[in-house]
Amino acid sequence: MSVVNGTPRWIALDGAVNARVVVPGVLLRSDNLQSLSARDLRRLVEEHALEVVIDLRTGSEVELEGPGPMTAEHTVRIEHRSLLPDSGANTDLDASAVIPPRRSDRDEALEEPPIVRAYMSYLSRRPDSIVGSSRAIARADGAVLVHCAAGKDRTGVVVALALDAAGVDRDAIVGDYLATGERIHAIFARLVESPTYRAELERDDPQEHAPVPGTIERLLELVDERFGGSAAWLSAHGLSDSDLERLRDRLAPSASRHARR
Numbered sequence: 011m012s013v014v015n016g017t018p019r020w021i022a023l024d025g026a027v028n029a030r031v032v033v034p035g036v037l038l039r040s041d042n043l044q045s046l047s048a049r050d051l052r053r054l055v056e057e058h059a060l061e062v063v064i065d066l067r068t069g070s071e072v073e074l075e076g077p078g079p080m081t082a083e084h085t086v087r088i089e090h091r092s093l094l095p096d097s098g099a100n101t102d103l104d105a106s107a108v109i110p111p112r113r114s115d116r117d118e119a120l121e122e123p124p125i126v127r128a129y130m131s132y133l134s135r136r137p138d139s140i141v142g143s144s145r146a147i148a149r150a151d152g153a154v155l156v157h158c159a160a161g162k163d164r165t166g167v168v169v170a171l172a173l174d175a176a177g178v179d180r181d182a183i184v185g186d187y188l189a190t191g192e193r194i195h196a197i198f199a200r201l202v203e204s205p206t207y208r209a210e211l212e213r214d215d216p217q218e219h220a221p222v223p224g225t226i227e228r229l230l231e232l233v234d235e236r237f238g239g240s241a242a243w244l245s246a247h248g249l250s251d252s253d254l255e256r257l258r259d260r261l262a263p264s265a266s267r268h269a270r271r
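The numbering used here applies: residue 11 is where the sequence shown begins, and numbers increase by one.
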């Protein structure tokens, strides 16, 4: 989805089904990139000015899947920034099942739905990866593509926090998050072809994993209530003022100008 016009802007690729523009020339998102064709690489680099890929998969996923075609594209930098501890076959495809083994009322919203608790756990367990992703988006000259396996949960949280910190309208952020639901069956069809994900998914109904209205809104509300907002949370965990300003300039220039008044 392009948050500029509020309409999903899909990127037609041979090897990914959930690739789309979030902010043209600045931010893209996708499901995993393991099956990209040479034509896909050219399209991303030449048509979308791709400069950096942020891979949110675990080290286990990366190792099991092996080097993808993007690793041969020397003009693109790949940053691995897992949102989970590497623990065997932990892939986070069922994010609602990924809850920290130890938590407190201060750190986790125990009364919240499992999926919201899982999303909050990303913030508590891997703030370095989330801040590093926002920093990369801020500092790049070209486009940054964020992806995980399905391009829904891990990608959705990182993209939503960056957009929210930049001052993008929350209705647009929610729309971007929910757009993955349009492709959920195609996403699952791709993932079950891989031995890495097949056992975890083959008996599931894809629709049960579709993004649910209210989820990303609740995450952002909790970030507001607990930390003073996405920008404040990023700053508290190491994003500099200059990087935050550049993030705003790149993702939401009009909101950035308003924030400086």
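The beta-carbon is built from N, C-alpha and C at its ideal position, and this holds for glycine as well.
Using a Cβ-Cβ cut-off of 6 Å (strictly less than) and excluding sequence neighbours within five positions of residue i, which residues of its own chain qualify?
i    : result
Q44  : E75, G78
A209 : none
A298 : Nothing in the structure corresponds to residue 298, since the chain is present only between 11 and 271.
R270 : Residue placement at R270 is poorly supported in this model, since its pLDDT is 42, which falls under 50; the coordinates still yield a value, given next. Nothing listed; no residue qualifies.
A246 : none
E56  : none
E167 : For the sequence presented, residue 167 should be read as Val rather than Glu. Hits under 6 Å: Y129, Y132.
I need the boundaries of the alpha helix (DSSP H) containing residue i, first residue and last residue.
i    : result
D65  : From DSSP, D65 is part of no alpha helix (DSSP H) but of the beta strand (DSSP E) over 60-65.
I183 : 180-188
V222 : Run containing V222: none; DSSP gives neither H nor E here.
R52  : 48-52
M80  : Element bounds for M80: n/a, residue is neither H nor E.
S139 : 137-149
E255 : 251-261
T206 : 205-211
R164 : 163-176
L244 : 240-246
L201 : 194-201
Which value, in whole angstroms, describes the spacing of the CA atoms of residue i and residue j?
i    : j    : result
V36  : S144 : 12 Å
G191 : R53  : 24 Å
R260 : V169 : 13 Å
A128 : S70  : 19 Å
A22  : E255 : 32 Å
D138 : L257 : 17 Å
L46  : H219 : 24 Å
A82  : L120 : 44 Å
E89  : R149 : 13 Å
H268 : L249 : Annotation note: pLDDT 46 at H268 (below 50); position unreliable, coordinate value reported separately. Approximately 20 Å, taken between the alpha carbons.
A199 : A153 : 28 Å
D214 : P205 : 15 Å
E203 : M80  : 20 Å
Name the DSSP bridge partner or partners of residue i?
i    : result
L155 : L38, V63
R87  : V62
W20  : R30
Can you find the residues in the same chain that come closer than 8 Å, C-beta to C-beta, to residue i, ignoring five residues on each side of it along the sequence?
i    : result
V222 : I125
R87  : E61, V62, V63
T225 : P123, I125, V126, Y129, Y187
D24  : S45, L46, S47, R49, D50
D251 : S245
R135 : L93, L94, P95, P110
V184 : P223, I226, E227
D253 : S144, R145, A148, R149
Sorted by chain position, which residues of the same chain lie with C-beta nearer than 7 Å to residue i's C-beta, five sequence neighbours on each side aside?
i    : result
T165 : R39, L66, V156, H157, C158
P263 : none
D151 : E61
H195 : P216
V27  : D41, R193, A196, I197, R200
A146 : V62, I64, E89, V154
If you measure from the CB of residue i, is any heavy atom of the ligand PLP nearer than 7 Å?
i    : result
H157 : Ligands are entirely absent from the displayed structure, and the ligand PLP is therefore not among its contents.
Quiz item: Okay, do the region 169-186 and the region 233-250 touch, 3+ Cβ pairs below 8 Å being the bar?
Solution: Here the region 169-186 makes contact with the region 233-250; the two share three or more CB pairs at distances below 8 Å.
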